[in-house]
Amino acid sequence: ALYALMQFACAPVLGALSDRFGRRPVLLVSLAGAAVDYAIMATAPFLWVLYIGRIVAGITGATGAVAGAYIADITDGDERARHFGFMSACFGFGMVAGPVLGGLMGGFSPHAPFFAA
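Numbering-wise, this note's numbering puts 359 at position 41 of the sequence shown, and it's gapless, one number per residue.
Put into structure tokens, the structure is as follows:
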């Protein structure tokens, strides 16, 4: 719930930041934040540290609208539809493959899925 709550709260903020500073810089900073987030979760010695990682993940993961705006900015017509379709397919693939791979890796170590991410 922390992840979804932070995404809900931060999506408008990231949208406003992308309007001011540009889509690409906001997406790149969010990717760097995601790397920090997964490092926090992979090395979390306590549950509360994992919660902090999920909060950071929600903040940096609220970029769906920014990514869509970026695609709209750099494409036109049929090309735009193709790129939006590809982005949606990638999200769908991640939603299906992520839990399966995470479950398999979790058999080795509870931290393994976070290191892989």
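Quick reminder that beta carbons are idealized off the backbone N, C-alpha and C, glycines included.
Legend entry - Extent of the continuous alpha helix (DSSP H) run through P300: Not covered by the structure: residue 300. The range shown for the chain is 319 to 435.
Inset, instruction - Report yes if the CB atom of I389 is closer than 8 Å to the CB atom of F409, and no otherwise. - result: Inclusion of I389 and F409 in the CB contact set at 8 Å is not warranted, their separation being larger than that value.
Legend entry - Per-residue burial, M359 [other beta carbons within 10 Å of its own, 16 or more giving buried]: buried
Legend entry - Residues of its chain near S348, where Cβ-Cβ distance is below 6 Å and the 5 sequence neighbours each way are ignored: T378 and T381
Inset, instruction - Alpha carbon to alpha carbon, how far is G333 from G420? Give it in angstroms, no decimals. - result: 30 Å
Legend entry - Beta-carbon gap between V344 and V384 smaller than 8 Å: yes
Inset, instruction - Consult DSSP for F364 and reduce its assignment to one of helix, strand or coil. - result: In this structure, F364 counts as coil in the three-state DSSP scheme.
Inset, instruction - Compute every distance between the C-beta of G340 and the non-hydrogen atoms of the ligand GTP, then say whether any falls below 7 Å. - result: With respect to the ligand GTP, the structure offers nothing, as it holds no ligand at all.
Inset, instruction - Decide yes or no for the touch test of the region 350-367 against the region 323-333: beta carbon pairs closer than 8 Å, at least 3 of them. - result: Because the criterion of three Cβ pairs below 8 Å is not met, the region 350-367 and the region 323-333 do not touch.
Legend entry - Terminal residues of the alpha helix (DSSP H) in which G333 lies: L320 to F339
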